[in-house]
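So the protein sequences, as listed, match chains A and B. Using our numbering, the first residue of the first sequence is number 104, and each one after it goes up by one. Using our numbering, the first residue of the second sequence is number 104, and each one after it goes up by one. Every residue gets a Cβ at the ideal spot worked out from N, C-alpha and C, and that includes glycine. Quick notes on the structure that follows.
Number of protein chains: 2
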Amino acid sequence: MVFVMDITKSKKFVPLLVFILTLTEIVLSGNVLIWPTDGSHWLNMEFILEELIQRNHNVTVLASSATLFINSNPDSPVNFEVIPISYNRRNIDSVIEHMIMLWIDHRPTPLTLWTFFKELGRFLDTIFQMNIQTCEGVLNNTKLLARLQEGAFNVLLADPVTLCGDLVALKLGIPFVYTLRFSPASTVERHCGKIPAPASYVPAALSELTDQMTFGERVKNTISYLLQDYIFQSYWREWNSYYSKVLGRPTTLCEVMGKAEIWLIRTYWDFEFPRPYLPNFEFVGGLHCKPAKPLPKVLWRYKGKKPATLGANTRLYDWIPQNDLLGHPKTKAFITHGGTNGIYEAIYHGVPMVGVPMFADQPDNIAHMKAKGAAVEVNINTMTSEDLLNALRTVINDPSYKENATRLSRIHHDQPVKPLDRAVFWIEFVMRHKGAKHLRPAAHNLSWFQYHSFDVIGFLLACVATAIFLVTKCCLFSCQKFGKTGKKKKRE
Amino acid sequence: MVFVMDITKSKKFVPLLVFILTLTEIVLSGNVLIWPTDGSHWLNMEFILEELIQRNHNVTVLASSATLFINSNPDSPVNFEVIPISYNRRNIDSVIEHMIMLWIDHRPTPLTLWTFFKELGRFLDTIFQMNIQTCEGVLNNTKLLARLQEGAFNVLLADPVTLCGDLVALKLGIPFVYTLRFSPASTVERHCGKIPAPASYVPAALSELTDQMTFGERVKNTISYLLQDYIFQSYWREWNSYYSKVLGRPTTLCEVMGKAEIWLIRTYWDFEFPRPYLPNFEFVGGLHCKPAKPLPKVLWRYKGKKPATLGANTRLYDWIPQNDLLGHPKTKAFITHGGTNGIYEAIYHGVPMVGVPMFADQPDNIAHMKAKGAAVEVNINTMTSEDLLNALRTVINDPSYKENATRLSRIHHDQPVKPLDRAVFWIEFVMRHKGAKHLRPAAHNLSWFQYHSFDVIGFLLACVATAIFLVTKCCLFSCQKFGKTGKKKKRE
């Protein structure tokens, strides 16, 4: 296929094309190491890997021997380095099942917040043990480490929900980039990434609040931040010891995580409430979305027994091409558990949603879509078929839902650079320049006390207090003297 | 000229090209109204105008009858609407001269800070009077206003150093975008744009500090913020009244300025210290920079008398093509007063600098370049020819200056989208979507008290105090009761 264009007739193309050619020239072919997290996280990350391969990079994935989706397909151009671990796929399934049940039973409302976090805290121990196994599987594996050293990697791309990717990068002496949806109450982003989050209008993750809060909601939001900080600071203590042990010097999890060159956040302003961020944060939500392909006629598989009560107009499928279905012009609404990947496919195609959130970021995601007028929520614990039907009727018949979904879709499509291209641009930037230190805020060099200027405020208040004290003393002294002189005069 | 490319051989071009084609399709031809500021501000803004015209937009500039550079060239495709005012070019020259002398005599060091601001405060009155004349020249001019209304403008682009552009936009019922280098201590950006600026690592404008501060410097920085806030809050009081009068309802300057859809800031991370910002802030520094053209042989004009003491190897020119000269491979160093435009040309071409700053942002600009290791400063008040020579020798002979200038140049050139394209993209975005409300932080709806969560903190502290009080009371009551019982038992 040959593409012919008369650029003398379209002046506006010239600078753009010249710029792209310049950019392309300096893109090098390099080696990228991947530290993934399983499940939907991997499904999203895979799109970045595909793009990196398209751009002639060699991609190696560090995957544990027990995995849900991270398959080492022999035809794939991706290299897989398997980390041997003792737990298996069933253990992971069980963890996920427990996590879902925890959320369904103790959804963090103001009344259940404390119970939820207490239960979650216990749960974090299991995750800690599994994560440590993965870490040890690399860091104590001299053969694997030596092989990785020989791999001459230029960058490590890590999903920090599975910790230790940063440690592996440090051991190999290479820069690393994070890809992340969120951490509870943005604990990691705020404390390790130094992103500001004013509690007055930036809702804490897992709070289901929006950027428009009443006084009561702002109190709840502040408590959410404090409580989640408290829980995760305790959780981090174990990690601080582990990180110090591995690096052979006293350090903290946050200090190491703070060395990330770029934070690729898996949302964008079509989904997020506008909030302050830093130049090394890039919002690349929806990077996996693609135009829909026409729906095939006999592609879907059917499995399992059809319930007898099922209506004649309902079909059951084991797997459907969700993106293509959402992009079909006849699709009216999307009933979703509210995962970020699915929500972004709905935003991309402008489809209003009925959300039945279950766990993790799902309730928050649906809260965002509700606030933007593109979704109705149904509570999984209390819902009846009537509720679901009403919700569905609302998003289909009330035109505002379709309008808002379309508006979000327009915002999503109207960016100077596509999210996937931005994500890969910054990974390649880090490869070209061996980092992105010019984007790193000096806040990393300050203690929390200095960061908030508490020392300066204390000093200035002490100065003012001293000044007031001295002035008062002088006044009193003068008054006394004047008083004495006055009395003396009177007496005379 | 025909451009032929076989895109089957270069897969990475396909998505980029498709994306550009999609973007180009939705770019509309619209009407842009410009509210400029004279001098170097205009020289920078002109590049945006040229690009807008290239992209088939109609551009109309509102220019006062007294102007330095804003010429209404009859061949230019730009329309000019002249605002009649009573002051003339000589008055503007005199204001600039006074401003420079004020800075040279009272450069804001810790010792002269207060005197400087007192003098500046007086000076602001003159600027206020001139600015008000320009405002009235439009807002009280019913014929001009009617003509503008007929112009069916889609967006107004304003340099907020000359106030009232926002008011004109509001009167016409169109969205507006700002282009801005800085306001003193980021007063406007912080208070009206809601951009966070932690005093611990974000140096106040005009402070000449960097992001790496000692305790003493952080005290100085905090005082800079407080002092400049105080001065400008008083200055704004007059504007608050004027804005309320024009809009016929009680409002403030900040409330109106806060309605800006996008803030185009004329710096980038090659120049700025990394700092928090908001999604409606776009850093487009160096948008005026272009590759150098070969230097012409007899193009430069010579004017004036040559001093007798001038060496044989020095030439005097009335005007030189600065960008082309800086881009010449034999250019070793750039002696500059430190204006943002010139600094960016030096960054673009990777030329180390000797800075002799005079006023406004110039001392700050040179402080930035010094901190990044690309410049040496010479003090205009105390310098000898020896000082200048030494500075020049340092930046030429010490290779670190050239290396750092080259590093900044690499950072500048390695962006996903060129600054000028980003600036124009967001202006066009506002035209396409009649605003960019999805980027506007909810902080605009909060009072400063609420923004900093002082009400929530107060409430939580009151709760804690009440709890402590109740627990103490209970304990005391129990002790008393227990004590009495104990005594009674003892007595028995």
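Query raised in the report: What are the residues that DSSP puts in a beta bridge with phenylalanine 604 of chain B?
Result: With chain B represented from 104 up to 595, any question about residue 604 of chain B goes unanswered, as that position is not in the structure.
Query raised in the report: Does the Cβ of asparagine 324 of chain B have 16 or more other Cβ atoms within 10 Å, making it buried, or fewer, making it exposed?
Result: It is buried - the Cβ of asparagine 324 of chain B has at least 16 other Cβ atoms within 10 Å.
Query raised in the report: Name the chain A residues that come within less than 8 Å of valine 322 of chain B, Cβ to Cβ?
Result: Near valine 322 of chain B (Cβ distances below 8 Å), the residues of chain A are Val559, Phe562, Leu563.
Query raised in the report: Taking DSSP as the reference, what is the three-state secondary structure of methionine 204 of chain A?
Result: Three-state result, methionine 204 of chain A: helix.
Requested in this report: Check each residue of the stretch 145-165 of chain A: if its Cβ is closer than 7 Å to any Cβ of chain B, include it; give the result in chain order.
Outcome: Of all residues in the stretch 145-165 of chain A, Gln157, Arg158 have a Cβ within less than 7 Å of some Cβ in chain B.
Requested in this report: Classify lysine 584 of chain B as helix, strand or coil using the three-state DSSP reduction.
Outcome: Lysine 584 of chain B: helix per DSSP, three-state reduction.
Report task. Find out if the Cβ-Cβ distance for the pair aspartate 464 of chain B, arginine 293 of chain B is shorter than 7 Å. Result -> The criterion of a C-beta distance shorter than 7 Å is not satisfied by aspartate 464 of chain B and arginine 293 of chain B.
Query raised in the report: What does a CB cutoff of less than 7 Å around histidine 471 of chain A pick up in its chain, not counting 5 residues either side in sequence?
Result: Excluding residues within five positions, the ones whose Cβ falls inside 7 Å are Phe374.
Query raised in the report: Could you give the distance in angstroms between the alpha-carbon of proline 394 of chain B and the alpha-carbon of histidine 160 of chain B?
Result: Rounded to the nearest angstrom, the two C-alpha atoms are 25 Å apart.
**Report entry** Cutoff 7 Å: alanine 545 of chain B Cβ touching any chain A Cβ
**Finding:** Taking Cβ atoms only, chain A reaches closer than 7 Å to alanine 545 of chain B, which makes this a yes.
Report task. Let me know the secondary structure DSSP gives leucine 402 of chain B once reduced to three states. Result -> Residue confidence is low: leucine 402 of chain B scores 49 on pLDDT, short of 50, so the model does not pin down where it sits. No coordinate-derived value is stated.
Requested in this report: Go ahead and label phenylalanine 318 of chain A buried or exposed: buried means 16 or more other beta carbons lie within 10 angstroms of its beta carbon, across all protein chains shown.
Outcome: Counting C-beta atoms within 10 angstroms of its own C-beta, phenylalanine 318 of chain A has fewer than 16 neighbours from the protein chains shown and is therefore classed as exposed.
Requested in this report: Identify every residue that forms a DSSP beta bridge with glutamate 480 of chain B.
Outcome: Paired residues: B/Gly458.
Query - Residues of the stretch 275-307 of chain B whose Cβ lies closer than 9 Å to any Cβ of chain A, in chain order - result: The stretch 275-307 of chain B vs chain A, Cβ under 9 Å: Lys297, Ile298, Pro299, Pro301, Ala302, Ser303, Tyr304, Val305.
Query raised in the report: DSSP three-state call for threonine 575 of chain B: helix, strand or coil?
Result: Note: threonine 575 of chain B maps to helix in three-state DSSP.
Requested in this report: Establish whether the CB of proline 379 of chain B and some CB of chain A are separated by less than 7 Å.
Outcome: By this cut-off, proline 379 of chain B is an interface position.
Report task. Taking only the alpha-carbon atoms, compute the straight-line gap between serine 550 of chain B and phenylalanine 528 of chain B and give it to the nearest angstrom. Result -> Taking the straight line joining both Cα atoms gives about 32 Å.
Requested in this report: Evaluate the contact criterion for the stretch 369-383 of chain B versus the stretch 378-392 of chain A: three or more CB pairs, one atom per stretch, below 8 Å.
Outcome: Segments in contact, yes.
Query raised in the report: Quick one: complete alpha helix (DSSP H) runs, 4+ long, within the stretch 233-260 of chain B?
Result: The alpha helix (DSSP H) runs lying completely inside the stretch 233-260 of chain B and spanning 4 residues or more are 245-253, given in chain order.
**Report entry** For serine 184 of chain A: DSSP bridge partner residues
**Finding:** Residue 184 of chain A is actually glutamate in this sequence, not serine. Glutamate 184 of chain A pairs with A/Leu165.
Query raised in the report: How would you list, in chain order, the residues of chain A whose beta-carbon sits under 9 Å from the beta-carbon of aspartate 332 of chain B?
Result: Correct list: empty, because the minimum Cβ distance to chain A is about 14 Å.
Query raised in the report: Taking 7 Å as the CB-CB cut-off, is serine 189 of chain A touching chain B?
Result: By this cut-off, serine 189 of chain A is not an interface position.
**Report entry** Per-residue DSSP class, three states only, for tyrosine 190 of chain B
**Finding:** Note: tyrosine 190 of chain B maps to coil in three-state DSSP.
Report task. Using a Cβ-Cβ cut-off of 7 Å, state whether valine 520 of chain B counts as contacting chain A. Result -> Valine 520 of chain B counts as touching chain A.
Query - Identified DSSP bridge partners for phenylalanine 437 of chain B - result: For phenylalanine 437 of chain B, the beta-bridge partners assigned by DSSP are B/Met456.
Query raised in the report: Are the Cβ atoms of valine 181 of chain A and serine 168 of chain A separated by less than 7 Å?
Result: For valine 181 of chain A and serine 168 of chain A, no; Cβs fall outside 7 Å.
Report task. Answer yes or no: do glycine 453 of chain A and alanine 478 of chain A have a C-beta to C-beta separation smaller than 7 Å? Result -> No, these two residues do not count as a Cβ contact at 7 Å.
Report task. For phenylalanine 219 of chain B, I'd like the list of residues in its chain whose CB is within less than 6 Å of its CB, leaving aside the five on either flank, ordered along the chain. Result -> If you ignore the 5 residues before and after phenylalanine 219 of chain B, its C-beta comes within less than 6 Å of the C-beta of His209, Pro211, all in its own chain and listed in chain order.
Query raised in the report: Exposed or buried, which one is tryptophan 217 of chain B when buried takes at least 16 other CB atoms within 10 Å?
Result: Burial state of tryptophan 217 of chain B is exposed, judged by a 10 Å Cβ sphere holding fewer than 16 other Cβ atoms.
**Report entry** At least 3 beta-carbon pairs within less than 8 Å: the stretch 232-243 of chain B vs the stretch 257-272 of chain B
**Finding:** Touching, per the Cβ criterion.
Query raised in the report: Does any CB atom of chain B fall closer than 7 Å to the CB of glutamine 465 of chain A?
Result: No, its Cβ sits nowhere closer than 7 Å to a Cβ of chain B.
Query raised in the report: Smallest Cα separation from isoleucine 423 of chain A: which of A/Ala545, A/His541, A/Val481, A/Leu398?
Result: For the residues A/Ala545, A/His541, A/Val481, A/Leu398, the minimum Cα distance to isoleucine 423 of chain A belongs to A/Leu398.
**Report entry** Chain-ordered chain B contacts of asparagine 383 of chain A [CB-CB under 8 Å]
**Finding:** Neighbours of asparagine 383 of chain A across chain B, judged by C-beta separation under 8 Å: Pro377.
Query - CA-to-CA distance, glutamate 222 of chain A to methionine 202 of chain A, given in whole angstroms - result: One C-alpha to the other measures close to 10 Å.
Query raised in the report: From valine 533 of chain A to glutamine 518 of chain B, what distance separates their C-alpha atoms?
Result: Cα to Cα, the separation comes out at about 12 Å.
Requested in this report: Kindly indicate if chain B contains any beta-carbon less than 7 Å away from that of leucine 579 of chain A.
Outcome: For leucine 579 of chain A, the answer is no, since every Cβ of chain B falls outside 7 Å of its Cβ.
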